[in-house]
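In this note's numbering, the protein residues as written are 70 to 502. Using N, Cα and C, we set each Cβ at its ideal position, and we do this for glycine too. Model, not experiment: these values are computed from the prediction. Here the structure is laid out as structure tokens; the discussion comes afterwards.
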Amino acid sequence: MRILRLGPICDSCLGRQFAMLGTGMTNTERGRSIKTVMVMSADLQDPEKSIDMLRALAPSCRQARLRLGVEGEDGSCWVCLGQMRPERLEELADKAVEAFRGIEFSRFLVGTLMSGLLAENEELLLADGCSRHAEPMKSEINREVGKIIAVKSGKQPDLNNPEVVVHLHLTDGHVEIQIQPLYIYGRYRKLQRGFPQTRWPCRVCGGRGCERCGNTGRMYQESVDELMKEPIVEAADAEDTVFHGAGREDIDARMLGSGRPFVVEVVRPRKRCLDLSALRDEINRRCSGKVEVSDLIFVDKSMVETVKNERFEKTYEAVIEISALVDEEKLKSALSKLVGFVEQRTPTRVSHRRADKVRRRAVHSAELEYLNGQIAKITVRCDSGLYVKELISGDGGRTRPSLAELLGSDARVVELDVIDVGGVSNAKITRIS
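Given below as structure tokens:
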């Protein structure tokens, strides 16, 4: 009675105040049942109290109006302002189904954005009605519209892993569709030097376009990311991609061997049923001689964090130049002394974009492949995050020990190739169908 005296209230909004009581009913059924029982109970009370109860019920209960001989339609609900009417819920569901056209998905979720007035009405009802068994209006709208959408579209509601999220804007009644990203894991090989892993905005203009970058807004006109992007965007009918790599090689280094693990986040894909074998072949065809991908599989979003945070051992091949002639045994001895822990202060070449701190990394092996005068080729296996160029040059004493320090001569890397990056174990790869 306290709730009913606040004003006309629809069956759904009344039933929602007791949503946690009883099972197997909708809130509309709860509200209608409560009103029915109250009309019936009026018959058991004295006439004066009966009339009082029937008048409270009349604006929103047909049975009460019939008993009182009152004509007219139901009063509009002061709480939801008609948003809980079946035809309104049906209208929102129809808009969502229409917005689904051309989008491949199987699982969806509904979310509701309330107007300020509706939120205020709900707060007043909870405060003045004093119910301790209510659920939020949002929850009921999400559930009831979701049921209708499921029937009309044949798709399944999914609270945990939806592929599409439907946003209902109650203020103006429009429906917005949010397409969840698609995640593809794989490995890439970078077969040429001279371009970075990801898009690199121009340092001069910050990506706006200037004379330095030829008005492209980019420091480099190609990247592993961009070379892969176009085939993926076309296959998935997507807006863009975001590249997540397991570390990165230098611009002037190649990534060889079995490749580097990565995850591509496909932004707003309208197609999700991709043939990854065909996609791999298309990427490799378009990027021939520059980038090659393999092992493509669909994965969960959590793989982005796994790939970016996993600490891999890496193996490098480096062609180095030594400022003075050195015999083979002395060079081998110096390389053997590099094995162990190395302390590296942030290298001078990246100090403008990396925190200035000392990193401790391990060198697991350092072996000589050949020596020809002042040119040598070496293989180094080390922890992720170790700067190999500085391991050779010493970077003015910022890396210790270094090969240059141990030889007593300047040394520098002429060519660098990454030939092995440890992979993500199968147990950590979260595949999705």
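Judged by DSSP secondary structure, residue 255 falls within the beta strand (DSSP E) whose first and last residues are 251 to 259. For residue 247, the CB contacts under 6 Å within the same chain, skipping 5 residues up- and downstream, are 234 in chain order. For the pair residue 261 and residue 358, the CB atoms are nearer than the 8 Å cut-off.
For residue 475, DSSP records no beta bridge to any residue.
For the alpha helix (DSSP H) assignment, the uninterrupted runs of no fewer than 4 residues enclosed by the region 315 to 368 are, from N- to C-terminal side, 345 to 355.
Beta bridge pairing from DSSP links residue 237 with 181, 244. Annotation for residue 480: no alpha helix (DSSP H) segment contains it, though the beta strand (DSSP E) segment containing it runs 480 to 490. Assignment of residue 440 by DSSP, reduced to helix, strand and coil, places it in the strand class. For residue 389, the enclosing beta strand (DSSP E) stretches over residues 382 to 391. Out of 284, 365, 332, the CA that lies nearest to the CA of residue 344 is found in 365. Note on residue 87: 16 or more other CB atoms within 10 angstroms of its CB, so buried under the neighbour-count rule. Residue 231 places its beta carbon less than 8 Å from that of residue 178.
Only residues of its own chain outside the window of five on either side were considered, and among them 488, 489 have a CB closer than 6 Å to the CB of residue 326, listed in chain order. The beta carbon of residue 191 lies closer than 6 Å to those of 206 in the same chain, with the five residues before and after it left out. 256 is the residue among 256, 420, 167 whose C-alpha sits nearest the C-alpha of residue 293.
Nearest neighbour of residue 347 by Cα position, chosen from 101, 477, 131, 303, turns out to be 303. About 26 Å separates the beta carbon of residue 236 from that of residue 89, a gap too long to meet the 8 Å contact definition. The C-beta of residue 456 has 16 or more other C-beta atoms within 10 Å across all chains shown, which makes the residue buried. For residue 462, the number of other beta carbons within 10 angstroms of its own is at least 16, and it is reported as buried. With contact defined as three or more Cβ pairs closer than 8 Å, the region 165 to 173 and the region 206 to 225 are in contact.
The region 404 to 413 and the region 424 to 438 touch, with three or more beta-carbon pairs separated by less than 8 Å. Considering only 339, 382, 330, the residue with the shortest C-alpha distance to residue 361 is 330. Counting the other CB atoms within 10 Å of its CB gives residue 240 a total below 16, which places it among the exposed residues.
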